[in-house]
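Enquirer: Residue numbers (our numbering): 2 to 299.
Just so it is clear, CB atoms sit at the ideal spot from N, CA and C, and this is done for glycine as well.
Please see the structure below; I have some questions.
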Amino acid sequence: MSAATQWFDANLITVINGLAYGLLLYTLAIGLSLVFGMLNLLNLAHGTFFLAGAYAAAVLVAPGGAWLSWVLALSVALALGAVAGVGLTAVTRPLARRGHMAEALLTLGISMAGSSLLLWVFGADVRSVPAPAGLDGGVTLFGDPYPVYRLVLIGFGLVIAVLAEVILERTMTGAVVRAIVADADIVRTLGIDTRKILYGVLAAGSALAVVAGVLGGPLLGAGPGLDGHVLLIALVVVVIGGMGSARGALIGGLLIGQVQTLGTALAPEVAPFLIFGAMALILVVRPHGLLNRAEATA
Numbered sequence: 002m003s004a005a006t007q008w009f010d011a012n013l014i015t016v017i018n019g020l021a022y023g024l025l026l027y028t029l030a031i032g033l034s035l036v037f038g039m040l041n042l043l044n045l046a047h048g049t050f051f052l053a054g055a056y057a058a059a060v061l062v063a064p065g066g067a068w069l070s071w072v073l074a075l076s077v078a079l080a081l082g083a084v085a086g087v088g089l090t091a092v093t094r095p096l097a098r099r100g101h102m103a104e105a106l107l108t109l110g111i112s113m114a115g116s117s118l119l120l121w122v123f124g125a126d127v128r129s130v131p132a133p134a135g136l137d138g139g140v141t142l143f144g145d146p147y148p149v150y151r152l153v154l155i156g157f158g159l160v161i162a163v164l165a166e167v168i169l170e171r172t173m174t175g176a177v178v179r180a181i182v183a184d185a186d187i188v189r190t191l192g193i194d195t196r197k198i199l200y201g202v203l204a205a206g207s208a209l210a211v212v213a214g215v216l217g218g219p220l221l222g223a224g225p226g227l228d229g230h231v232l233l234i235a236l237v238v239v240v241i242g243g244m245g246s247a248r249g250a251l252i253g254g255l256l257i258g259q260v261q262t263l264g265t266a267l268a269p270e271v272a273p274f275l276i277f278g279a280m281a282l283i284l285v286v287r288p289h290g291l292l293n294r295a296e297a298t299a
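Pasting the structure below:
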């Protein structure tokens, strides 16, 4: 058996953990990427949406993870995220002509206010979230025990990736979204009301961020500081993948998921710096990211 095969066998479970974490990052980052690509809006409140979802799961999911409470938590997350996205679009549109700095400062202010509100309501203690009933156990995977919930999380992330691919690449709405990312002015000259598309994308992206918070609750819990942590990693994913690219967000999420989990397992003392090292290395070779949507369309 070669050294590479031995290494892979020894770290296979860690690689699968990285796949689960990477797909969770993708679910969070795809909305952030498309919103920036379409609206040129750097939504710094995205991490706060994730944290709100985590707290929603901590409050609504019953001890033991009853399925009805999970359905309720996900339904609330979808509604809360959609409303937050529409509201964010309404308050940032008047600043569109003032450049990224004004919008970034506004969303940063919303993020800080939201984080403070969540801290005031839920306190400083980290809250845990039980996995759904029946998914809180383990299975034998390649001879080792593995949590069932993480496998379900992988499946959910793959479903989101397939749906995003179908909607963005195979439907008329997706064609309009891609066209807006490439050149919104041209799309408007064709008589298409881009505002409805923009509202829809930001609502969907924000809803996915809150849902990601609910789904990430059993892995990460809910507590102060989580919003800033996930926002920073999501930004790294978006920069690596390329602004406005759903496929790029998927590749970036999977890459950072592996870097983070393998780094934590094999070199924990330098793990926090590895994701930024990976980002710097990729940007040296591809300054606009791996799959920049605007460049690809052009």
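State the DSSP-derived secondary structure class of arginine 99, mapped to helix, strand or coil.
Expert: Translated into the one-based positions of the sequence shown, residue 99 becomes position 98. Helix at arginine 99.
Enquirer: Less than 9 Å separating the beta-carbons of glycine 214 and valine 127?
Expert: Residue numbering aside, residue 214 sits at position 213 when the sequence shown is read from its first letter. Residue numbering aside, residue 127 sits at position 126 when the sequence shown is read from its first letter. No, they are not a contact pair.
Enquirer: Please classify alanine 91 as buried or exposed, where buried requires at least 16 other C-beta atoms within 10 Å of its C-beta.
Expert: Counting from one through the sequence shown, the residue named residue 91 turns up at place 90. Exposed, because fewer than 16 other Cβ atoms sit within 10 Å of the Cβ of alanine 91.
Enquirer: Are leucine 164 and glycine 242 touching if we call contact CB-CB under 9 Å?
Expert: Your numbering for residue 164 matches position 163 in the sequence shown. Your numbering for residue 242 matches position 241 in the sequence shown. No; because the gap between Cβ atoms is not below 9 Å, this pair is not in contact.
Enquirer: For the beta strand (DSSP E) containing valine 140, name the first residue and the last one.
Expert: Sequence index remark: in the sequence shown, residue 140 carries index 139 (1-based). Unbroken beta strand (DSSP E) run through valine 140: 139-142.
Enquirer: Is valine 140 near leucine 152, with beta carbons less than 9 Å apart?
Expert: Within the sequence shown, residue 140 is the residue found at index 139, counting from 1. Within the sequence shown, residue 152 is the residue found at index 151, counting from 1. Result yes, Cβ atoms of valine 140 and leucine 152 sit closer than 9 Å.
Enquirer: With DSSP as the reference, please indicate the residues paired to alanine 223 in a beta bridge.
Expert: Here residue 223 refers to the residue found at position 222 of the sequence shown. According to DSSP, which records beta bridges pairwise, alanine 223 is partnered with Arg128.
Enquirer: Helix, strand or coil for aspartate 194 per DSSP?
Expert: For the purposes of this step, residue 194 is identified with residue 193 of the sequence shown, where counting begins at 1. Reduced to three states, the DSSP call for aspartate 194 is coil.
Enquirer: Assuming contact is defined by CB atoms lying nearer than 9 Å, are valine 178 and leucine 75 in contact in what I supplied?
Expert: Sequence index remark: in the sequence shown, residue 178 carries index 177 (1-based). Sequence index remark: in the sequence shown, residue 75 carries index 74 (1-based). Contact: no.
Enquirer: Is proline 148 helix, strand or coil when you go by DSSP?
Expert: Within the sequence shown, numbered from 1, the residue matching residue 148 stands at position 147. Looking at proline 148 - three-state DSSP - the assignment turns out to be strand.
Enquirer: What whole-angstrom Cβ distance do leucine 79 and valine 238 have, given they're in contact under 8 Å?
Expert: Translated into the one-based positions of the sequence shown, residue 79 becomes position 78. Translated into the one-based positions of the sequence shown, residue 238 becomes position 237. That pair is no contact at about 22 Å.
Enquirer: If you drop the 5 nearest sequence neighbours on each side, which residues of the same chain put their C-beta closer than 7 Å to that of isoleucine 119?
Expert: Here residue 119 refers to the residue found at position 118 of the sequence shown. The residue asked about is misnamed: residue 119 is leucine in this sequence, not isoleucine. These residues qualify, in order along the chain: Leu52, Ala53 and Tyr56.
Enquirer: Does the distance from the C-beta atom of phenylalanine 50 to that of serine 207 stay below 9 Å?
Expert: What you label residue 50 is simply residue 49 of the sequence shown in a count that begins at 1. What you label residue 207 is simply residue 206 of the sequence shown in a count that begins at 1. Yes, these two residues count as a Cβ contact at 9 Å.
Enquirer: Are there 16 or more other CB atoms within 10 angstroms of the CB of aspartate 194, so buried, or fewer, so exposed?
Expert: For the purposes of this step, residue 194 is identified with residue 193 of the sequence shown, where counting begins at 1. With fewer than 16 Cβ atoms within 10 Å of its Cβ, aspartate 194 is classed as exposed.
Enquirer: Hey, leucine 255 and glycine 23 are a contact pair by Cβ (cut 8 Å); roughly how many whole angstroms apart?
Expert: Within the sequence shown, numbered from 1, the residue matching residue 255 stands at position 254. Within the sequence shown, numbered from 1, the residue matching residue 23 stands at position 22. Contact holds; Cβ gap of about 4 Å.
Enquirer: Between the alpha carbons of valine 16 and alanine 250, how many angstroms are there, rounded?
Expert: To locate residue 16, count along the sequence shown from 1; it is residue 15. To locate residue 250, count along the sequence shown from 1; it is residue 249. Spanning the two alpha carbons is a distance of roughly 19 Å.
Enquirer: Should glutamate 170 go down as buried or exposed, given a rule of 16 or more other Cβ atoms within 10 Å for buried?
Expert: Here residue 170 is taken as the residue at index 169 of the sequence shown, counted from 1. With fewer than 16 Cβ atoms within 10 Å of its Cβ, glutamate 170 is classed as exposed.
Enquirer: Jot down the residue ranges of each uninterrupted alpha helix (DSSP H) in the region 202-261, minimum 4 residues, whole runs only, in chain order.
Expert: The region 202-261 contains, as complete alpha helix (DSSP H) runs of 4+ residues, the segments 227-242 (chain order).
Enquirer: Considering leucine 42, what are the terminal residues of the alpha helix (DSSP H) in which it resides?
Expert: Walking along the sequence shown from the start, residue 42 turns up at place 41. Leucine 42 -> no alpha helix (DSSP H), and no H or E assigned at all.
Enquirer: DSSP three-state call for valine 271: helix, strand or coil?
Expert: By 1-based counting over the sequence shown, the position of residue 271 is 270. Three-state DSSP puts valine 271 in coil, outside helix and strand.
Enquirer: Measuring CB to CB, does valine 87 end up less than 9 Å from alanine 235?
Expert: Taking the sequence shown and counting its residues from 1, one reaches residue 87 at position 86. Taking the sequence shown and counting its residues from 1, one reaches residue 235 at position 234. Contact: no.
Enquirer: Is there a C-beta anywhere in chain C that falls below 9 Å from the one on leucine 199?
Expert: The chain labelled as chain C is not found in the depicted structure, where only one protein chain is given.
Enquirer: Output the boundary residues of the alpha helix (DSSP H) element that contains threonine 172.
Expert: Translated into positions along the sequence shown, residue 172 becomes position 171. Looking at the DSSP string, threonine 172 is not in any alpha helix (DSSP H), and its letter there is neither H nor E.
Enquirer: Comparing alpha-carbon positions, which option in Phe123, Gly48 and Ala162 lies nearest isoleucine 111?
Expert: Taking the sequence shown and counting its residues from 1, the one referred to as residue 111 is at position 110. Just measuring C-alpha positions, the residue of Phe123, Gly48 and Ala162 sitting nearest isoleucine 111 is Gly48.
Enquirer: Judging by CA-CA distance, which residue of Leu42, Leu216, Arg94 and His230 is the nearest neighbour of phenylalanine 157?
Expert: As a working note, residue 157 is residue 156 in the sequence shown. If we check each option's Cα against that of phenylalanine 157, Leu216 comes out closest.
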